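Chains as they are written, first to last, in our numbering: chain A, 1 to 464; chain B, 465 to 661.
By construction, the Cβ of each residue, glycine as well, lies at the ideal position given by its N, Cα and C atoms.
Here the structure is a predicted model, which is why all the values come from computation and not from measurement.
The structure under discussion appears below in the form of structure tokens.
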Amino acid sequence: MSKAHNSVPDHAEAAAKFLQDQERANWHDKALWFNRQKRDVSANLIPDWELLRETASQIKDNVLANLDEYLVQFEQNALQNGIHVHWAADAAEHNEIVLQIIQEHGVGKLVKSKSMLTEECHLNEFLATQGIDIIDTDLGERIVQLAKEPPSHIVLPSIHKRKEEVGELFHQHLGTEKGASDPAYLTEAARVHLREKFLTADIAITGVNFAIAETGGFVVCTNEGNADMGVHLAKVHIACMGIEKIIPKAEHLGVFLRLLARSATGQPITTYSSHFHRPRAGQEMHLVLVDNGRSAHLGRKDFYNSLKCIRCGACINTCPVYRRSGGHSYHYAISGPIGAILAPNRDMREYADLPFASTLCGSCSNVCPVKIDIHNQLYQWRQVLAAEDYVPKTKKDGIQVMAKVLSSPTLYRVAGKSGRLMMRLLPGLANNKALNPWARQREMPQPPKETFRDWYKKNRPKDE
Amino acid sequence: MSSREKILQQVKANKPPMSPLPTQTTFASIPPEERLTAFIKSNENAGGIVCLVPDVAIIGNYLKVNFTSPERILNTVQGVGFGLEADAPITDGRAFGNLEIAVVESLLGVAENGAAWVTEDNLPTRVLPFICEHLALVIHADNIVGTMHEAYAALNVAATGYGTFIAGPSRTADIEQSLVIGAHGPKRMHVFIVQPF
Ligand code: SF4
């Protein structure tokens, strides 16, 4: 019996559902590809782009190799700066720490800017069980919060929503005109609605993009200005971060801030890159360092370098599978290629389907600003999941045949030949949507009459 | 064992082999004579309105012509001469809920992306450049560097409790990827670059 998990719809099923709405799927595909193109234009303007990526990758390698020391150094400096530092071994402890700080301040009103970590820890849901409401202030996050959905993208949380749906949500919750869907009008309505929340908030929660070991401060990047509006008005600032967000020195921010927004949306920098080193007079500043599986992940030789991720979303925008399946089909807080290599580390059974949600085309690894070998890890996870028996049977049979074929050059050639022959003689079989799951959303290509190898044998220069 | 010790212990046990920090630390920059033009272009791309002025007093005149009511303008830059002045730190930023314009000094600009560094040392309260409808930054042309690397080499970010790079008015594209200027922060931004003629 396979240990494969069947309670949530797996990626393939959810993707099939997403694709039923062709118009939406096409729009989604194009919107994300547009971001990828903006990234390319922006990257091409930097002569040192590849050097920057290599440098960022090396800095992050160094961080992971010395993480314990950098954490201690960061803590020491942050404490000296007057920041309260907390350590959480897992999501539950993180949520408890945040709850306790909130309760110490008599609960009050809470606002939160974007933080994938609090998504990962399901902080909002936890606080709701304690009767505490929290308002997400990033526009995209507010949209999905009103829709009672999780974000579908780490940078563009509501990319799966059409403007008419946002219009309807805002009509119900914010009283905008029925049928209105103009983005400028809806954004203005959200601005007015959230401004009142900022002006009355007692506690503001943020994520952290980078924390600097050398100085004990941290950086939060937004375009909307919502993190700053929240924390500068509230009496308490709680910043939550995964332990891998540390960088050694302030000068390294030069490297990361040049890469982050260009990779994410093609902007040369986010509108706001705010550096927090000390609370303002009369304010209390807390920082929660969260492990939640990261220290275990660090010990997986083939997978630890996914902890270098700076959450830019470039691998997601470029992924042909993500673009045509939507973020919710990944059923994990972080979607797309990076989510598919992080999630199985958390729970192999629950997320065994995700490393298969890829064509292994390698586009993700090509755009990653910190040079994570994402597609290799997707491939490696498949091996691990199959070996540990977490893989659905149809996929497993395929993998075993493939492993055998790929390990034997003769079999590989024979298989290639018979595959091509079969596709020419019986195209219906490869195209058969019942027998070949790969063909379900696709027309199979015309097979070439001969392979490159056959052609080369015939045509190579005679003197070789 | 506390969570802190548990985490540090497990990180130590599992951390990958030593990997040195990169040694190459110089990157291509924008030549000094092109920085001003590059800064203007980047800032305009980010939605800013850039004006070159020969001295700070001209900014006051400009504001007087374009905005009639000085009581909705907060000026924190010496010599501008128009709008209310904040002479003491303000503890509760909510006081500025209705502010139209804030005039704020930036001590450093970055040509490659149009960002301007603003710290709390130049602000009566941290929220000021976010809560106003319209932000007017004042920066001296000599203080524009080429890239973010040069910016960090010139700054000590820990010298101030709070500092931020601001590149344009606030923005969002969260509804169908349509860019809307004016999310939660300012809806408009001017950058006055002071360059004696
Ligand atoms: S894996 Fe790389 S490309 Fe993907 S979000 Fe992380 S840093 Fe960006």
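Check: Minimum C-alpha distance to A/F18 - residue among A/I338, A/V321, A/R460; Outcome: A/V321
Check: Simplified DSSP assignment, three categories, for A/G242; Outcome: strand
Check: Proximity test, A/G242 beta-carbon vs the ligand SF4 heavy atom, cut-off 7 Å; Outcome: no
Check: Beta-carbon proximity list for A/A12, same chain, < 6 Å, skipping 5 on both sides; Outcome: none
Check: Boundaries of the alpha helix (DSSP H) in which A/Y456 is found, first to last residue; Outcome: 452-459
Check: Within-8 Å CB hit, A/Q58 to chain B; Outcome: yes
Check: Runs of alpha helix (DSSP H) lying entirely within the stretch 477-537 of chain B, each at least 4 residues, in chain order; Outcome: 499-509, 520-530
Check: Listed by chain order, chain B residues near A/G217 by CB distance under 8 Å; Outcome: V621, A622
Check: Under 8 Å between C-beta atoms of A/Y332 and A/L360; Outcome: no
Check: Run of the beta strand (DSSP E) containing A/E284, from where it starts to where it stops; Outcome: 284-290
Check: Which residues DSSP lists as bridging A/W381, in chain order; Outcome: None; A/W381 has no bridge partner.
Check: Residue-chain proximity (A/L156, chain B), Cβ-Cβ < 8 Å; Outcome: yes
Check: Cβ of A/Q145 within 8 Å of any chain B Cβ; Outcome: no
Check: Straight-line gap, A/D10 to A/C221 (C-alpha atoms, nearest Å); Outcome: 33 Å
Check: Contact set between B/N577 and chain A, taken where Cβ atoms lie within less than 7 Å; Outcome: P268, I269
Check: A/E214 and A/P248 closer than 8 Å at C-beta; Outcome: yes
Check: Chain A within 8 Å of B/E508, Cβ atoms only; Outcome: no
Check: Closer than 8 Å to chain A by CB, B/A647; Outcome: yes
Check: For A/K112: DSSP bridge partner residues; Outcome: A/D136, A/I205
Check: Spatial distance of A/L174 from B/G512 (CA atoms); Outcome: 30 Å
Check: Local conformation of A/M1 per DSSP, three classes; Outcome: With a pLDDT of 44 at A/M1, under the threshold of 50, the predicted position of this residue should be treated as unreliable, and no value is reported.
Check: Cutoff 8 Å: A/K163 Cβ touching any chain B Cβ; Outcome: yes
Check: Rounded straight-line distance, which links the Cα of B/L572 to that of A/L45; Outcome: 22 Å
Check: Residue-level contact to chain B via CB, A/Y478, 8 Å cutoff; Outcome: Chain A is shown only over 1 to 464; residue 478 of chain A falls outside these bounds and no answer can be derived.
Check: Whole-number beta carbon distance between B/K470 and A/L298, since they are thought to touch under 8 Å; Outcome: At roughly 14 Å, the Cβ-Cβ gap does not stay under 8 Å, so A/L298 and B/K470 are not in contact.
Check: A/S263 beta carbon near the ligand SF4 (any heavy atom closer than 7 Å); Outcome: yes
Check: N- and C-terminal bounds of the beta strand (DSSP E) containing A/H275; Outcome: 272-276
Check: Limits of the unbroken alpha helix (DSSP H) element including A/R346; Outcome: 336-346
Check: Classification of B/F491 by the beta-carbon crowding that lies within 10 angstroms, buried from 16 upward; Outcome: buried
Check: Burial state of A/Y304 (16 or more Cβ within 10 Å); Outcome: buried
Check: Where A/I101 falls: helix, strand or coil (DSSP); Outcome: helix
Check: Proximal residues, the stretch 79-96 of chain A versus chain B, C-beta separation under 7 Å; Outcome: W87, A88, A89, E93
Check: At least 3 beta-carbon pairs within less than 8 Å: the stretch 334-353 of chain A vs the stretch 273-284 of chain A; Outcome: no
Check: CA-to-CA distance, A/K458 to A/K114, given in whole angstroms; Outcome: 59 Å
Check: Residue interval of the beta strand (DSSP E) (run including A/R323); Outcome: That residue, A/R323, is in no beta strand (DSSP E); its alpha helix (DSSP H) goes 320-323.
Check: A/V231 Cβ short of 7 Å to the ligand SF4 heavy atom set; Outcome: no
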